[in-house]
Amino acid sequence: MEELESTEIEQDDQYLLTADDAELLQEILNHNLSHQSGEKRKFRFQDLKFTRQLSTFQNMGTTAPQFHGFFVLFWMGVTLMLFRLAANNWRTYGSIWGKNEIIRLMMDKDVMVLGLTDLLLCWSTGFCLILQRVVLKGYIRWNGLGWLIQNIWQTTYLGVVIWWAYHRDWPWTHTVFIVLHCLAMLMKQHSYAAYNGYLSEMYRKRNMLKASLSQTRGKERGQPTSTKMGYSSAVDTELNAEITDLKKQDFNQRSSELQNYSRSHETDQLLSLIGTIETGVPLEPSQVKSLRELLEQEIEVLSEGLKGRCSLTNNHYPRNLTIGNICDFMTLPTLVYELEYPRTKKIDWLYVAEKTLATFGIIVVMIAVSQSWIYPVVMDTVRMKEEGMTAQQRLQEFPWVLGDLLFPFMMEYLLAFYVIWECVLNAVAEITMFADRGFYSDWWNSVSWDQFARDWNRPVHNFLFRHVYHGSISEYLEVYISHPERSTKRAILLLTDVIGHRFINAQLIADQLAANGYLVVMPDLFHGDPVPLNNRPASFDLMSWLKGPPGHLPDRVEPVVQAILKEMKSSMGCERVGAVGYCFGAKYAVRLLKPGLCDVAYVAHPSFVDAEELQAIQGPLSIAAAESDSIFPASKRHESEDILAKTGQPYQINLFSGVEHGFAVRADITKPTIRFAKESAFLQAVAWFDQYL
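Structure representation (structure tokens):
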């Protein structure tokens with residue numbers, strides 16, 4: 001993007017708006033036309049919120065003391081086992097460590113080299129700070145060369161570490177440690193660079209807008225300037241096309257919606273600006289004033305975005321680009337970069353000592369288990385191969401080898417989990433005064449692999465959730481996601497009418513549901529082929545569009561719905577999901593109301609819902625119906641009520657008089673009756689989800 005430029009024109013009271021970067025003002029205008037003016041802008045990388053919390057075991061000790069005895073019993077058993085092993089080793093070998101092969105394997109080779117390598121591994125992460133400072137200075141752009149350099153660096157970083165471990169011929173203990181630590185530092189670097197790179201683009205945009213605002217003020221005060229600002233006939237043709245599409249939409253309905261939500265900008269002023277930009281004619285003084293107000297609001301919004309979640313400090317971009325900040329992040333027990341984290345007021349050194357002693361004690365237990373029950377079995381398998389046993393003979397021994405390893409492997413897994421996630425991470429968190437101790441959840445109560453993958457390693461899941469999953473959910477499908485103010489595992493899958501997910505009213509509904517505390521995911525059900533809202537071709541036929549080819553019947557729509565739902569539950573961590581269906585989407589919301597899919601559903605003026613689909617529901621269903629609806633007439637409504645009564649599931653059918661099919665989405669809210677019905681239908685949905693979701 002080139003910086004907005006301004007030049008003088010002959011008229012003293014008119015201004016010609018031009019810019020090399022049409023995308024900038026297009027984004028601002030589209031946002032103000034498609035969102036509430038009072039609505040808080042949603043920024044990337046604000047999907048996770050760190051909170052002050054204790055670890056799961058610490059919570060269990062206070063909130064569920066009746067289970068604390070099992071915890072104590074486990075460690076009593078481990079202690080007795082350790083004494084028994086030590087006694088047997090003393091009797092057999094004259095040492096409590098036995099033959100001591102594991103310790104010799106760990107300590108005999110390159111211990112100092114390993115330490116120096118790890119130190120260099122940590123210090124080299126400073127490259128990310130250097131790159132971000134270069135981006136800040138404007139030498140390169142993050143969206144240009146910046147991200148490419150970062151990815152080349154990350155690939156080189158990982159490759160060199162793996163090569164070095166191979167080159168030094170390290171034992172498996174050294175290799176596992178350095179590679180795992182490398183992966184952790186790699187994720188930290190990626191998170192740091194991605195977030196700050198995103199903020200750098202926002203910072204650059206804000207500076208451009210500030211310069212443009214200064215130019216408009218200078219012109220208004222009659223100050224001389226050698227530049228003009230705005231768009232001229234040199235406007236990008238792609239912008240012209242998109243503006244034309246905007247103007248073709250139903251602006252009367254758009255204005256009525258926005259009048260309810262917007263107080264700082266009048267829709268007609270923005271539309272007037274769009275029209276002037278498209279034609280390339282000079283701006284009138286009143287339009288310059290509207291543009292200035294628009295720029296001021298956008299600058300304020302971007303300034304808030306640069307603060308991130310900062311509330312207690314001034315560590316917002318670019319003040320955060322310091323050696324101290326990156327060193328602080330690299331030592332914190334989290335893989336996700338934030339401008340500010342919840343912190344404790346002081347360090348409890350007794351707690352640190354407790355966790356440190358526990359760390360070394362558990363490592364001793366792990367060495368004892370490996371030495372007594374794992375190493376001998378491994379050596380036996382090596383001996384079998386060296387003695388010339390055939391593959392078939394060794395395969396016959398495999399079940400016995402596996403049986404010998406099951407218990408010690410389970411012990412090692414439990415001990416490794418506890419020493420890392422409960423001892424090491426909590427000790428580091430206490431030293432760095434990091435208050436969010438949610439490093440794991442009660443994964444031992446998991447009922448699925450998805451839940452287990454999320455709960456046993458929360459730092460990695462949070463990293464994947466922010467930097468990977470949100471990209472994969474929309475890699476092949478266009479998805480509108482609206483996040484609540486606070487993180488939640490309750491989500492709503494919003495299935496639209498035939499106008500699709502880009503319809504501004506549908507997005508407003510999604511945002512309002514999110515404002516009520518739900519994560520809302522609204523996918524494109526039509527593969528980029530929704531029904532046009534206005535100016536439909538004379539030859540357009542709804543049934544032909546529906547039946548195809550290619551069509552939009554269940555065989556094409558159902559896979560999209562199922563894929564998104566699966567992604568929500570696996571990647572996005574949604575534990576309870578409700579379905580919302582308007583018109584066309586109601587059919588699929590009802591079909592999802594089964595165990596393992598959706599827990600509750602709400603539909604408005606449903607279309608093409610079969611009796612068999614209603615009979616099959618296994619969860620609460622709420623319906624908002626219109627008095628005049630040819631697709632869901634009174635007879636169908638009464639039939640649906642009879643069916644729902646027989647299912648034994650909670651249900652609700654609200655009938656709104658004076659409205660037609662589509663009132664809950666495409667309502668003319670200038671009419672009090674229709675507006676009341678639309679708002680009441682939305683409140684019906686919120687109340688239903690609050691009760692059952």
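In terms of UniProt numbering, the sequence shown opens at residue 1 and continues consecutively. In this text, a Cβ means the ideal position worked out from N, Cα and C, and glycines have one as well.
inquiry  = Suppose only complete runs of 3+ residues qualify. What are the beta strand (DSSP E) ranges in the stretch 552-630, listed by chain order?
reply    = 576-582, 600-604, 621-628
inquiry  = Are there any heavy atoms of the ligand HEM lying less than 6 Å away from the beta-carbon of Tyr469, as far as the coordinates show?
reply    = Annotation note on the ligand HEM: not contained in the displayed structure, which lists no ligands.
request  = Would you check if the distance between the CB atom of Val498 and the CB atom of Val520 is smaller than 7 Å?
outcome  = Cβ distance not < 7 Å, so Val498 and Val520 don't count as in contact.
message = Beta-carbon within less than 7 Å of residue 694's beta-carbon, same chain only, minus the 5 sequence neighbours each way: which residues are those?
response = With the chain running from 1 to 693 in the structure shown, residue 694 is simply not present.
inquiry  = Between which two residues does the beta strand (DSSP E) holding Glu660 run?
reply    = 651-660
query = Roughly how many angstroms lie between the CA atoms of Val365 and Ser372, to the nearest whole one?
reply = 11 Å
query = DSSP state of Phe434, grouped into three classes?
reply = Look at Phe434 here: in three-state DSSP terms it is strand.
key: Reference Gln297; option with closest CA among Tyr317, Lys210, Ile367, Thr322   = Lys210
query = If you draw a straight line from the C-alpha of Pro523 to the C-alpha of Met411, how long is it?
reply = 44 Å
request  = Have a look at Cys574 and Thr488 and give me their C-alpha separation to the nearest angstrom.
outcome  = 8 Å
task = For the stretch 383-391 and the stretch 313-321, state whether three or more C-beta atom pairs, one from each stretch, are separated by less than 8 Å.
result = no
query = So, Tyr602 versus Ser571, is the Cβ gap smaller than 7 Å?
reply = no
Distance, Lys355 Cα to Met76 Cα = 18 Å
inquiry  = Check for me: the alpha helix (DSSP H) holding Leu136 runs from which residue to which?
reply    = In the DSSP assignment, Leu136 falls within the unbroken alpha helix (DSSP H) covering 126-137.
Pro532 (DSSP reduced to helix, strand or coil) = coil
Cβ separation of Arg206 and Ile299, assumed to be a contact under 8 Å, to the nearest whole Å = 6 Å
inquiry  = If contacts are defined as beta-carbon pairs under 8 Å, then Ala685 and Phe663 qualify, I think. What distance do you get, rounded to the angstrom?
reply    = So it is not a contact: roughly 13 Å between Cβ atoms.
message = If I follow the unbroken beta strand (DSSP E) through Tyr341, where does it start and stop?
response = For Tyr341, there is no enclosing beta strand (DSSP E), as DSSP marks it with neither H nor E.
inquiry  = Quick check on this structure: which residue in Asp110, Val111, Leu119, Ala86 has the alpha carbon closest to the alpha carbon of Lys99?
reply    = Ala86
key: Closest residue to Leu513 among Val111, Leu683, Lys49, Asn151 (Cα-Cα distance)   = The residue with the shortest Cα to Cα distance from Leu513 is Leu683.
Residue environment, Gln189, which counts as buried when at least 16 other CB atoms sit within 10 Å = Gln189 should be labelled buried.
ask   = Hey, Ala435 and Arg52 are a contact pair by Cβ (cut 8 Å); roughly how many whole angstroms apart?
value = 4 Å
request  = Look at the alpha carbon of Leu80 and the alpha carbon of Val369, and state the distance between them as a whole number of angstroms.
outcome  = 13 Å
inquiry  = Pop quiz: Ile102 and Tyr418 are said to be a contact at Cβ under 8 Å. What is the actual Cβ separation, rounded to whole angstroms?
reply    = Not quite, the Cβ-Cβ distance comes to about 19 Å (not below 8 Å), so this is no contact.
query = For Arg486, which residues of its own chain have a beta-carbon under 8 Å away from its beta-carbon, when the five flanking residues on both sides are left out?
reply = Lys49, Gly517
request  = Indicate whether Tyr192 and Arg44 have their beta-carbon atoms separated by less than 7 Å.
outcome  = no
request  = Spell out a yes or no on whether the stretch 157-165 and the stretch 139-147 are touching, meaning 3 or more CB-CB pairs, one atom from each, closer than 8 Å.
outcome  = no
Residue nearest to Ile653 in terms of C-alpha spacing, selected from Arg666, Glu679, Thr670, Trp688 = Trp688
request  = Just mark Ala634 as buried or exposed, buried being the case when its beta carbon has 16 or more other beta carbons within 10 Å.
outcome  = exposed
Where Ala491 falls: helix, strand or coil (DSSP) = strand
ask   = Hey, quick one: how far does the beta strand (DSSP E) through Pro523 stretch, first residue to last?
value = 519-523
Nearest-angstrom Cβ-Cβ length linking Ala681 and Ala604, presumed shorter than 8 Å = 6 Å
key: Tyr480: first and last residue of the uninterrupted beta strand (DSSP E) it sits in   = Per DSSP, Tyr480 is one residue of the beta strand (DSSP E) stretching across 479-482.
query = Span of the alpha helix (DSSP H) holding Ile152?
reply = Run containing Ile152: 147-167, per the alpha helix (DSSP H) assignment.
query = Exposed or buried, Phe83, counting other C-beta atoms within 10 Å across all chains shown (16 or more means buried)?
reply = exposed
key: Burial state of His501 (16 or more Cβ within 10 Å)   = buried
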